[in-house]
Structure formats: C-alpha cells, structure tokens
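What follows is a single structure, written as structure tokens, with notes after it.
Numbering (full-length UniProt numbering), first residue to last: 1 to 112.
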C-alpha cells in the first residue's frame, strides 16, 4: 500500500497556510468578505477548468491514482485539487494583504 502523497501534501499545505495566517502574518483576511468572495470566484472557475482537465472520460491531466485519496467531486475533480487551490489562493492573498497592512502602518494610511 502506498502513501497518498498528493493528499498528504495538500493537507499539510492547508494547515501550514492557515497556521501562518493565524499565528504569523495576521493579515486579517479570514475576517474579510472580499477574501471569501475572491476564494469563491476562484473555486467556481477551478471547477470548470479542472473538471475539463481531469474528467475521467477523456483526461488531459492524468494523476497517479496511488497519490490521491480517490475522492473526486464534482465532474471527476480530485478533491485534493480544491485543497491545493485554497492553500495557493490563501497564501497569495494573505501575503498581499500583509504587505498592504505594513505599508499602511508605515505611511499612516488605512489599508483596504
């Protein structure tokens, strides 16, 4: 039996990004409606693109099934792709907001 590497790395990535936000950067994105709206928009488009790329009937991207949990939803999308997308989008927006907050603090402006 092999270890589902992509599943493990996805979970580690999600925990790492949430931990960095809560304990290191503290950018405040989880309290912002703009973050949740941006995440929702990205995940909706991810469904269309990823669904087309990974559909089991005619895949363009083929994953090693031993590296995945085997859960696919919707349209045959490996569930790990959503976790990876969450971690990637959250990391970028967290760092962006953190820099905006630092700039605003140094200039006395209010961050957006």
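C-beta: ideal position from N, C-alpha, C; glycine also. Just so you know, these numbers come straight off a predicted model, no measurement behind them.
- Query: Rounded to the nearest angstrom, how far is the Cβ of residue 76 from that of residue 56, given a contact under 8 Å?
  - Reply: The residue you call residue 76 lines up with position 76 of the chain shown. The residue you call residue 56 lines up with position 56 of the chain shown. Correct: roughly 5 Å between the Cβ atoms.
- For residue 72 and residue 62, believed in contact at Cβ under 8 Å, the rounded distance: In the chain shown, counting from the first residue as 1, residue 62 sits at position 62. In the chain shown, counting from the first residue as 1, residue 72 sits at position 72. No, residue 62 and residue 72 are not in contact; Cβ-Cβ is about 13 Å, not under 8 Å.
- Buried or exposed for residue 86, please, with buried defined as at least 16 other CB atoms from any protein chain shown within 10 angstroms of its CB. Locating residue 86 in the chain shown gives position 86, counting from the first residue. By the neighbour-count criterion, in which 16 or more other beta carbons inside 10 Å mark a residue as buried, residue 86 falls on the buried side.
- Query: So what does DSSP say about residue 74, is it helix, strand or coil?
  - Reply: Position 74 of the chain shown, counting from 1, holds the residue named residue 74. Look at residue 74 here: in three-state DSSP terms it is coil, with no helix or strand label.
- Quick one: complete alpha helix (DSSP H) runs, 4+ long, within the segment 15–95? With a minimum length of 4 residues, the continuous alpha helix (DSSP H) runs that stay inside the segment 15–95 are 33–54.
- Message: Please state the DSSP three-state secondary structure of residue 109.
- Response: Locating residue 109 in the chain shown gives position 109, where the first residue counts as 1. Looking at residue 109 - three-state DSSP - the assignment turns out to be coil, as it is neither helix nor strand.
- Nearest to residue 46 (by Cα), restricted to the options 81, 21, 25: As a working note, residue 46 is residue 46 in the chain shown. Measuring from the Cα of residue 46, the nearest candidate turns out to be 81.
- Message: Closer than 8 Å is the cut-off here; do at least three beta carbon pairs connect the segment 34–54 with the segment 89–106?
- Response: In short, these stretches touch, since the Cβ pair count reaches three.
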